[in-house]
Amino acid sequence: MAPTSTDELFCSTLRARGQRVTPQRLAIAAVLRDLHHHATAEELHGLVSARVPGISLPTVYSTLELLEDLGAVRRVVNDGGTALFDARTDEHHHAICRRCGLVVDIEATPDQSQLLDAARTAGFAPDDAQVVVRGVCAACRTVREAETAAA
Ligand SMILES: [Zn+2]
Ligand SMILES: [Zn+2]
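In terms of the numbering used here, the sequence shown opens at residue 313 and continues consecutively.
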């Protein structure tokens, strides 16, 4: 695998933080970058294992935490409380299906300052605000309508 500028950026960020650049970390960052959806640590572990045989789930978790710390990945929490990791780090929000757990990106620009101010009032030092819209996705709506029609 030829090094890309993103890899170089990741390496220099790691070094700047006094962190070691390891093949495991590079593989996890590469898998996340190629991923175009939101994945659990378990899913990522499966994908990374294909590149780095024998990598452990705790290593995947700790690397994801490090990447989150570096701002290279965002964490989204679904209804079940499972953390999903998102390689897209620009400001965006999510809609989550309460039936199947599907998570999609939604484009909107809610008033962040109001949310952050409210968090500060509650004693928080907020990093950012992510809005989650809950509901039922298109596929599940079709199923639900079919069920309703059959009943
Ligand atoms: Zn659904
Ligand atoms: Zn997203």
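For glycine and all other residues, C-beta sits at the position ideal for the given N, C-alpha and C. These numbers come from a predicted model, not from an experiment.
Under the three-state DSSP convention, the category residue i falls into
i    : result
I408 : strand
V333 : coil
G358 : helix
A367 : For the record, residue 367 in the displayed sequence is Ile; it is not Ala. The answer is coil: DSSP assigns I367 none of H, G, I, E or B.
D440 : coil
D402 : coil
D423 : coil
V445 : strand
Identified DSSP bridge partners for residue i
i    : result
L396 : T352 and V388
D346 : Paired residue(s): none; D346 is not in a bridge.
CA nearest to the CA of residue i, picked from the options
i    : options                   : result
V389 : A451, E459, A461 and V445 : V445
D391 : T325, C323, G447 and G330 : G447
H350 : L369, A431 and I408       : I408
R387 : L344, D319, R337 and L326 : L344
E377 : T352, L359 and G366       : T352
V385 : P365, G393, L369 and E403 : E403
C412 : A450, L428 and L379       : A450
L414 : D319, A399 and C452       : C452
L382 : A462, A434 and F322       : F322
D423 : A463, Q442 and R332       : Q442
R465 : L379, A395 and A434       : With the chain covering only 313 through 463, there is no way to say anything about residue 465.
Cβ-based burial, residue i [other Cβ within 10 Å; buried from 16]
i    : result
T375 : buried
R337 : buried
A341 : buried
For this session: For ligand 1, list every residue whose C-beta falls under 5 Å from any of its heavy atoms, going in chain order.
Result: C409, R411, C412, L414, C449 and C452
Exercise. Around ligand 2, which residues pass a check of Cβ closer than 6 Å to any of its heavy atoms?
Worked result: H350, D398, R400, H404, H406 and D417
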